[in-house]
Structures are given as structure tokens and as C-alpha cells.
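Student: The structure under discussion is supplied below as C-alpha cells; questions concerning it will follow.
Protein chains: 2
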Amino acid sequence: MKLTRTILKLECTHGSTETKLLNNMMLVPLRANKTGSVVSASSSSLSGADGAKTQCFICADRATGKHYGAPSCDGCKGFFRRSIRNNHTYSCRFDRQCIVDKDKRNQCRYCRLRKCFKAGMRKEAVQNERDCINSQRAKEQTVGTLSISVLLQAETTVQQFPALLSPRSHDITTKKTAGVGEVFESMKQQLLLLVEWAKHIPEFCSLPIDDRVTLLRTHSAEHLILGVARRSLPYNNVILLGNDFVIPPRGAEVEISRVAFRIQEELVKPLRELVITDKEFACLRTIVFFAPDCSGLKSPQVVRHLRFQAHLLLEEATCEQRGRFGELLLILPPLQSVAWQMVETLHLAQLLGEAKMDSLLQEMLLGEGTETGQGVCTGNDPTQDQQNDLNASPATFPSVICHASMAPTSGFLAAHIDWH
Amino acid sequence: MKLTRTILKLECTHGSTETKLLNNMMLVPLRANKTGSVVSASSSSLSGADGAKTQCFICADRATGKHYGAPSCDGCKGFFRRSIRNNHTYSCRFDRQCIVDKDKRNQCRYCRLRKCFKAGMRKEAVQNERDCINSQRAKEQTVGTLSISVLLQAETTVQQFPALLSPRSHDITTKKTAGVGEVFESMKQQLLLLVEWAKHIPEFCSLPIDDRVTLLRTHSAEHLILGVARRSLPYNNVILLGNDFVIPPRGAEVEISRVAFRIQEELVKPLRELVITDKEFACLRTIVFFAPDCSGLKSPQVVRHLRFQAHLLLEEATCEQRGRFGELLLILPPLQSVAWQMVETLHLAQLLGEAKMDSLLQEMLLGEGTETGQGVCTGNDPTQDQQNDLNASPATFPSVICHASMAPTSGFLAAHIDWH
DNA sequence: CTGGACGGGTCAAAGGTCTA
DNA sequence: CTAGACCTTTGACCCGTCCA
Chain D
12 MKLTRTILKL
22 ECTHGSTETK
32 LLNNMMLVPL
42 RANKTGSVVS
52 ASSSSLSGAD
62 GAKTQCFICA
72 DRATGKHYGA
82 PSCDGCKGFF
92 RRSIRNNHTY
102 SCRFDRQCIV
112 DKDKRNQCRY
122 CRLRKCFKAG
132 MRKEAVQNER
142 DCINSQRAKE
152 QTVGTLSISV
162 LLQAETTVQQ
172 FPALLSPRSH
182 DITTKKTAGV
192 GEVFESMKQQ
202 LLLLVEWAKH
212 IPEFCSLPID
222 DRVTLLRTHS
232 AEHLILGVAR
242 RSLPYNNVIL
252 LGNDFVIPPR
262 GAEVEISRVA
272 FRIQEELVKP
282 LRELVITDKE
292 FACLRTIVFF
302 APDCSGLKSP
312 QVVRHLRFQA
322 HLLLEEATCE
332 QRGRFGELLL
342 ILPPLQSVAW
352 QMVETLHLAQ
362 LLGEAKMDSL
372 LQEMLLGEGT
382 ETGQGVCTGN
392 DPTQDQQNDL
402 NASPATFPSV
412 ICHASMAPTS
422 GFLAAHIDWH
Chain P
12 MKLTRTILKL
22 ECTHGSTETK
32 LLNNMMLVPL
42 RANKTGSVVS
52 ASSSSLSGAD
62 GAKTQCFICA
72 DRATGKHYGA
82 PSCDGCKGFF
92 RRSIRNNHTY
102 SCRFDRQCIV
112 DKDKRNQCRY
122 CRLRKCFKAG
132 MRKEAVQNER
142 DCINSQRAKE
152 QTVGTLSISV
162 LLQAETTVQQ
172 FPALLSPRSH
182 DITTKKTAGV
192 GEVFESMKQQ
202 LLLLVEWAKH
212 IPEFCSLPID
222 DRVTLLRTHS
232 AEHLILGVAR
242 RSLPYNNVIL
252 LGNDFVIPPR
262 GAEVEISRVA
272 FRIQEELVKP
282 LRELVITDKE
292 FACLRTIVFF
302 APDCSGLKSP
312 QVVRHLRFQA
322 HLLLEEATCE
332 QRGRFGELLL
342 ILPPLQSVAW
352 QMVETLHLAQ
362 LLGEAKMDSL
372 LQEMLLGEGT
382 ETGQGVCTGN
392 DPTQDQQNDL
402 NASPATFPSV
412 ICHASMAPTS
422 GFLAAHIDWH
């Protein structure tokens, strides 16, 4: 940006003489910037008629306009500002009658400053220090250790993967309706991408393996829903899967349609209304991911802190636009709700033998393929021993709860994470 | 350093009258408010009527009207437009907590822009360059009618009721452990109080009756949990019910203990750590209450707006403490989760004939005693007809979902609300 | 039809940057 | 560190359109 401007400016400077002429002829006051093509040292040659106004009242150098109340050159302008800002006190080594002109103006600061005042400069016109213009300090927006750029990069990875697999047409009407098989296929794809996503977060990688598995599993359903909701933002009433199949408002299987409808109503619509940005979405995913509750985590405090950082980043990303941050966070309860309904549906389908699920899906979404259930939520549950008898009967006890009750150690998932 | 400079400068501001003279004599144009020592010439227009309303919401300078959604001065107006137009990204050199007032507004552009958003400016109101002649008058989002004082008053009612019934001793150890009967008794008490609470909110009372019933029922479980968590804040590992019974960490029935444990871990502990205030709690309850999702509401937009107002109030109540607002909102997902687990537990107990529940409890918590289930979430569900076949079999389909699927019209609850 | 509100634009004069 | 040439940002002021 800045570079571009500079280049433009350099390219345009040939026109400055012409402009200068125009300025002089039409008495256009100093212009300068906007396009950068006009050089500010314009009204110089107009010494004859209006010479007084274009001369520096302090040193008789060419003035660049009025500054702090007196027509003055850039040198005296800067000198006055620095003197006032830094509250300098000078003293004259001679007689306080030094000549201040273009050549000798730097020989006595005391007399120069005095002449500034005499010429009409007012210290009140000097303002407080401002913000740095050069914002490209590359002041990496980092909260604690999580940085927005890492999250954005992770996000791109997740987003671009499927695009590489299948070049999409943007016409939603030509896409095929997903059956159960395609839904499962897409889910599996997305879950693998979730693992890839997580690997992009260094803070995740330095967690103990059990916690990594736990995090990946605990909210995998929410990630699927969140991802599909986002992918479907541009489309009306149609859910677009990662493998380019769609779920239309009607015509899909009942259970699928029900979940799809809720995704539309409770997630896509609000998100669309908010016009969620990439940054915001990246933060939201991270907040969902680092949920410290209910997962039997070994280091819940670390996870809690990561979520805290992520939510500060989200806050930042929303620029505190009135109410926006809250609206985004309030997406999470319905997200959780829809995700659970999806898991319930899957579980039921599984129980009724209606669908054959991949082992990855079973492990991540249903929490199966693990050792026997081991208590809820946190590792140090004092009532844990009492609970096993209930958890041991998943057929009668709702799977929502069983799902959150599994011990983390497992094969497939752990193997997928481990080689990182 | 910076502070020193400012202080030093303030010390130097004598001689303003002299300056004014100078201004007049030298025909320096009145530039007004920078230093405040020069009176603006144009103060004629709107100054008389409302001194308070003509203040810039961002920097407290004199406002020139509403710009981009917020009463603001010309400076903040221009700043916002430039920032949006040029897609500027600022960063704060400090802690993102810079003071933005008339004097210091130029010292941190990040914090100034942030405050613009916070004051209600919307980037959509900035038009694209100079082409869109369309007069999409940005409709005013009036920051609504909900007031914190009303919420606080409603809260006191709910809190004080049980205190009147039983003068408490503060010694937690002398209280009796609750059995299933006492838990149910307390629940019923609290649910009736919830109705009372809601009646204190005028905006609730002017909703259609069906929506009132729906709101009361949909999140009744969350209200119970939220209330009990708050009541238990002072105690360690003990849950205090509204009827003065307790649920100790051990020794209660298994199902009760499990929920109690999660309440402790996921709600009481975080809330205690935050030291939640009365205002914040009142707002949180209201946010939970006015959940626009998943309830078959007739006027979801009104409810959504009420929740929006409540969350703005919460934001205000947190006094901008870094991250506090987010932490409070992130209480909601675990609250929902625990509430559902409780409902599941109740449902199971009901199915197994282990507990005889009051009809109010059944209606509000389990969603029973109503007409047949009528589809999920929203009234205009296109797949609604397809869904009934699944919802009609609550015995096999998890009750979590059934619970959220009930139609609002019912007897007991409606009767309780109606005479208001 | 008129005046206030609120979009847009302008540009003098603030500010900051950066090399010598 | 200061000087000063050079570039950006600020905000007071003005214009045009819409609508009550």
C-alpha cells in the first residue's frame, strides 16, 4: 500500500512543474497530497505581488504555508514544534539580538525561538504527540502466544484442501444431492482436515497426546457443523458439503434434512447476517476447539488459557463493533445443540443398523472404539467410581452423555496425530 | 515520557487571551477546539436544546449530529470514514485500553476506531467512494428498551423469595442432604420463581402468550442450573438448593451427584473465579432467557433483539475488563450442556418409574403434558411434516431433542402466566 | 417547500518520517 | 541528537439529497 503510493508518487512527479504553474496562475493554495503528484513547495515564485506571505516570517526562507500562526518554512515549523514539545529552554550566548535568517538560523536557538513567537507562532497550536503513522510496524497481533496469523493460516489449509480435490463450479443447482454415503464421506474428509488444522497450531502440538486426542474428539461434531455452515453461507437454503454434494431444503433423507434445516436457521442465517469475516471465523473455530469443559483433560488450565487468548483475538477481530463480539459468541450454544442432534441421529442410525460408519467417524463422533467409558468431564471427579455403572450401559443412557464420557486413548486418532 | 510531555505542556498554557488577541489582529481563522482556548464561531446552531445529546460518543467533543450510526464530532466522523474506506488496520502500541477523548483521540488510532465501533458506528454506513447514489438510509437500530435496573429488580424478587420462606443459617454444614423429593420440591419452587421473574420484564409481558410459554419452558432447565450455581458460589463443593437443602460432594444419589459435580466444575468454579456481579448475573439470565433459537417462536426477531439488548447491557456491566465479557458468555455452552444432562437424567428416572414428578416439572422440564410434538425449533420449517414421525416416538429417540421439540401451548404454564 | 440530518468531498495546517 | 525536506492525517467547513 505504502509502497504503491510511493511508486505512484515517483511516477507522477514529472507533472509538478505544470501544477506549480497552475497553482501560481490560479492562486490555488498549497495542495500537496491526495495523489501525491503535487509538490508542496508551490507558491515560491510569487514573490512580486504577494511576496510577504510566501516568506518565512522568522528566517525569510521560502514559506510552506502558515504554521502555528505564522507563515513559515518547514525548518522553523519543525524547530518550533520540537522546542515546544520537548519544552526546551535555550539561552543566548551573545546579546539576544542574533540575526535569524536562512543561513544563520541555526546559530542561536534562543533567538530563533524568540523570533518564532514574535512572528506570531503560538505554542497552543502545537498539539499532543499523535499515533505513529507508520503502522506497518508489523506489530504482530499476538495475544499471549496465539497469533491471528497462525489461525488464519491454519484456516486456509482447511479451506483449500477440498478445493484442490475437486474444482468447483459455482452453480449450486448443478450439484448432486448427498445421500447418507456422501454425507459420511464428507464427514470423514472434514475430520481429517480438522486434524490437519490442529497441527497448524503450535500450542496444540505441545499438549500431551491424550489431550490432543480428547480435544479433537470432543468437539469434532461442532467443527463439522461449523465448517459446513460456513461453506453454505453464500447459498440460500442449501447446505454445501465439502465433497461438493449438496443437501437441498427438501428431498434429502428425513434425518439429514432436519439437521440441515437447523444449520440453516440457527447458524447460516445469523452468520450471514453478521457477514462473518475470515479472522472472526478462525477465532470462533479456535474457541470451539479449546473448550476446557467436560473432556477429561489432563491440562484443562492450559486449554482454558488458549481459549481465553482466542476469545481476546476474536474481540480484537470484531473491532468491538457494537454487539458483534457477543453475537458471534452466542452462535456457540446453538452450534453445540445442532452438533449434538447430529450425533444423536448418527447414533440412532448406527443402533438401528441403518448406516455403516467408518471407524474414524465412529471414534471421533460417537466416541466408540475406545476403552470402556471412564467418567465424565474431568479427570479428578470424586464421584467417578459411582458413575461407571451408568456409563456402562450406553444402550439405555443417552449417547449424548456417553459421547462426552469416553477416555481419550485410542488407536486410529492417536496414530493420525502422533507423527507430527 | 509521553505523560511527562503532556503534563509539561499543560503547565505552559498561560497567555490564551494574548493568543486570542493575536488571532483577531492577524486574521487567523478561528480553528476552535484544538486547545479549547478559542471559541468556535459556529456554535450557534444546535447548542441550546440538549447539551448532553450533542456530545460525541467517541471522544466527548461536541457532536455535529449522528454519523454512521453514532452521535459524533466531525473529527471522528472523518476518521471513521477514512479508516473504513482505506481499509486501515491499526494496532495499539499499548494495551488496547487507551483513553479516547478530545485531547487524546489522535494518540491511538486503534483504540479510537475501536471506540467508534463500540459507540455504534457501522462500517456499512460508509458508502463506497462516490458512486452509490442509492439512498439506502441506514435504518437506526435503537438501543432498546431493556434497562439494567428492571433486570436487577426482577433478580431481587427471585432471590428474596426463598429467603422469606426460610430464614437461613449460613452454616452450610448443618443443612440436610437433599433426596430426590427435596430436589424436585426445590425445582418446582424455582420454576415458579422463574415465572415471577419473567413477569417483571415488561418486554416479556408484551410478547404473544405462546411465545411467553415457549420461552419459559425452553430454557427452564438452564435457569434452574444457573440459579443453583449462583446460590452455591460461596460454598466449596456443596450445592445449595433454594429450599435450603444441600447436595454434598458425596453421599447423594448417583445421578444427582453427577450433575452436581458438573455444576461445581463447569459453572460454580469459573463464576467464582470471575466474581460475577449482580448486574452481570442479571444480564446473563436474561440472555439465556431470550434465546431466539430452537423454540418455535412466533416472533423470533423480537426475542433476538431483546437478547441483543441484554448482551449489550452485559458488556456494559463488565466495565470493559479485559476478556471478562467473553468469559461470561462462554459460561453458556457448559450451562446448556449440564442442563441437558439434568433433563436426560430426569427423563430416564421418569421412564424407569423411579421418580414421581410434579406436573409443572413435567411440563416445563420434560416438555410433557402438551399436545403432540410439533417439529423442531422454528414455526416455518419446510421439513416439518417429515419430522413428526420421528418426534412421535420419544421412547426411542433421545429426549434431549424431543424436549426442544414441543409445541408451546399448554395448560398449567399458560394459566400461570395468563393472569398477569 | 423548507430545513434539519446525514451522506460526500475539500484542503489548510496539524502530524510523522527519516537521512544527513 | 537535531534540522528540515517530504509525506500523511486531521477536522472545520461546505455541498447535495432525502424526508418530515
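Sequence order for the protein chains is D and P. The opening position of the first sequence corresponds to residue 12 in our numbering, with each subsequent residue numbered one higher. The opening position of the second sequence corresponds to residue 12 in our numbering, with each subsequent residue numbered one higher. For glycine and all other residues, C-beta sits at the position ideal for the given N, C-alpha and C. Computed from a predicted structure; not experimentally measured.
Would you please verify whether the beta carbon of Pro344(D) is less than 7 Å from any beta carbon of chain P?
Tutor: Taking Cβ atoms only, chain P reaches closer than 7 Å to Pro344(D), which makes this a yes.
Student: Locate the alpha helix (DSSP H) running through Asp221(D), then write down its first and last residues.
Tutor: Taken as a continuous stretch (DSSP letters only), the alpha helix (DSSP H) holding Asp221(D) covers Ile220 to Thr229.
Student: Around the Cβ of Pro213(D), are there at least 16 other Cβ atoms within 10 angstroms (buried) or fewer (exposed)?
Tutor: Result: exposed.
Student: Using a Cβ-Cβ cut-off of 6 Å (strictly less than) and excluding sequence neighbours within five positions of Leu205(P), which residues of its own chain qualify?
Tutor: Correct list, in chain order: His234.
Student: By Cβ distance below 6 Å, which residues in the same chain neighbour Pro219(D) in space, the five residues on each side in sequence not counted?
Tutor: Closer than 6 Å at the Cβ level, and outside the excluded window around Pro219(D), lie Lys309.
Student: Pull out every residue of the segment 191–221 of chain P whose Cβ sits closer than 7 Å to any Cβ of chain D, in chain order.
Tutor: Hits within the stretch: zero.
Student: Can you find a C-beta in chain P that's less than 7 Å from the C-beta of His322(D)?
Tutor: Yes, His322(D) counts as interfacial toward chain P.
Student: What's the call for Cys67(P), buried or exposed, on a 16-neighbour Cβ count within 10 Å?
Tutor: Label assigned to Cys67(P): buried.
Student: Consult DSSP for His78(P) and reduce its assignment to one of helix, strand or coil.
Tutor: Residue state, collapsed to three classes: strand.
Student: Going along the chain, which residues of its own chain have a beta-carbon closer than 6 Å to the beta-carbon of Ala74(P), five neighbours each way excluded?
Tutor: These residues qualify, in order along the chain: Thr65, Gln66, Cys67, Pro82, Ser83 and Cys84.
Student: When you compare only the Cα positions, how much space is there between Leu163(P) and Phe292(P)?
Tutor: If I take the Cα positions, the gap works out to 9 Å.
Student: Quick test of your reading: Gln347(P) and Arg273(P), contact by CB under 8 Å. State the CB separation rounded to the nearest angstrom.
Tutor: With 8 Å as the limit, Gln347(P) and Arg273(P) do not qualify as a contact, their Cβ atoms being about 12 Å apart.
Student: Asp373(P) versus chain D: which residues are under 7 Å apart at the beta carbon?
Tutor: Reading the sequence as shown, one finds Gln at residue 373(P) and not Asp. Per Cβ cutoff of 7 Å: no residues; Gln373(P) is ~18 Å from chain D at best.
Student: Check each residue of the segment 116–128 of chain P: if its Cβ is closer than 7 Å to any Cβ of chain D, include it; give the result in chain order.
Tutor: For the segment 116–128 of chain P, which is checked against every Cβ of chain D, the residues closer than 7 Å are Asn117, Gln118, Cys119, Arg120, Leu124, Arg125 and Phe128.
Student: What residues of chain D sit near Asp114(P), judged by a beta carbon separation below 7 Å?
Tutor: Neighbours of Asp114(P) on chain D, chain order: Asn139.
Student: Would Gly86(D) and Arg133(D) be called neighbours here (beta carbons separated by less than 7 Å)?
Tutor: No, the pair does not count as a contact, with Cβ atoms beyond the cut-off.
Student: For Asp304(D), tell me which candidate among Thr229(D), Leu359(D), Gly262(D) and Asn247(D) has the shortest Cα-Cα distance.
Tutor: The shortest C-alpha separation from Asp304(D) is found at Thr229(D).
Student: Does the Cβ-Cβ distance between Ile250(P) and Ala232(P) come in under 7 Å?
Tutor: No. Outside cutoff.
Student: Just to confirm, are Thr188(P) and Ala263(P) a CB contact at a threshold of 7 Å?
Tutor: It is a contact, given that the beta carbons lie within the stated cut-off.
Student: Under the three-state reduction of DSSP, which class applies to Ser158(D): helix, strand or coil?
Tutor: Three-state DSSP puts Ser158(D) in a strand.
Student: Counting only beta-carbon atoms, is Leu377(D) nearer than 7 Å to chain P?
Tutor: Closer than 7 Å: no.
Student: In chain P, what lies closer than 7 Å to Asp142(D) by C-beta?
Tutor: Simply Asn117, Gln118, Cys119 and Arg120.
Student: Examine the Cβ distances between the segment 317–328 of chain P and the segment 330–340 of chain D and report whether three or more of them are shorter than 8 Å.
Tutor: They touch, by the three-pair rule.
Student: Along the segment 286–306 of chain D, what residues have a CB closer than 8 Å to any CB found in chain P?
Tutor: Cβ contacts with chain P come from Ile298, Ala302, Asp304 and Cys305.
Student: List the residues of chain D whose Cβ lies closer than 8 Å to the Cβ of Gln361(P), in chain order.
Tutor: Correct list: empty, because the minimum Cβ distance to chain D is about 13 Å.
Student: Which residues in chain D have a C-beta closer than 9 Å to the C-beta of Leu340(P)? List them in chain order.
Tutor: Result: His322, Phe336, Gly337, Leu340, Leu341 and Leu343.
Student: Using a threshold of 7 Å, state whether the C-beta atoms of Phe91(P) and Cys127(P) are closer than that.
Tutor: A contact, by the Cβ cut-off of 7 Å.
Student: For Gly131(P), decide whether its Cβ has a neighbour in chain D, counting only Cβ atoms nearer than 7 Å.
Tutor: Output row for Gly131(P): interface = yes.
Student: Can you tell me where the alpha helix (DSSP H) with Ser243(P) in it begins and where it stops?
Tutor: Here Ser243(P) belongs to no alpha helix (DSSP H), and DSSP marks it neither H nor E.
Student: May I ask which residues mark the beginning and end of the alpha helix (DSSP H) holding Lys186(P)?
Tutor: Neither: Lys186(P) is in no alpha helix (DSSP H) and is coded neither H nor E.
Student: Closest Cβ-Cβ distance between Glu277(D) and chain P: below 7 Å?
Tutor: Cβ-Cβ to chain P under 7 Å: yes for Glu277(D).
Student: Rounded to whole angstroms, how far is the Cβ of Gly253(D) from the Cβ of Gln200(D), which I believe are closer than 8 Å?
Tutor: Yes, they are in contact, since the Cβ atoms of Gly253(D) and Gln200(D) sit about 5 Å apart, within 8 Å.
Student: Could you name the residues of chain D that Gln312(P) contacts, counting a contact when the two beta carbons are closer than 8 Å?
Tutor: Within 8 Å Cβ-Cβ: nothing; Gln312(P) doesn't reach chain D, min ~11 Å.
Student: Excluding the 5 residues flanking Glu22(D) on each side, which residues of the same chain have their C-beta closer than 8 Å to its C-beta?
Tutor: Model confidence at Glu22(D) stands at a pLDDT of 36, short of 50, so the residue's coordinates are unreliable; what they give is reported in the following sentence. Within the same chain, Glu22(D) has no close Cβ partners at all.
Student: Pull up the distance between the alpha-carbon of Cys244(D) and that of Pro281(D), whole angstroms please.
Tutor: Here the sequence assigns Leu to residue 244(D), which means Cys is not the residue at that position. In a straight line, the C-alpha of Leu244(D) is about 10 Å away from that of Pro281(D).
Student: Distance, Cα to Cα, Leu157(P) vs Arg223(P)?
Tutor: Their backbone Cα atoms lie some 17 Å apart in a straight line.
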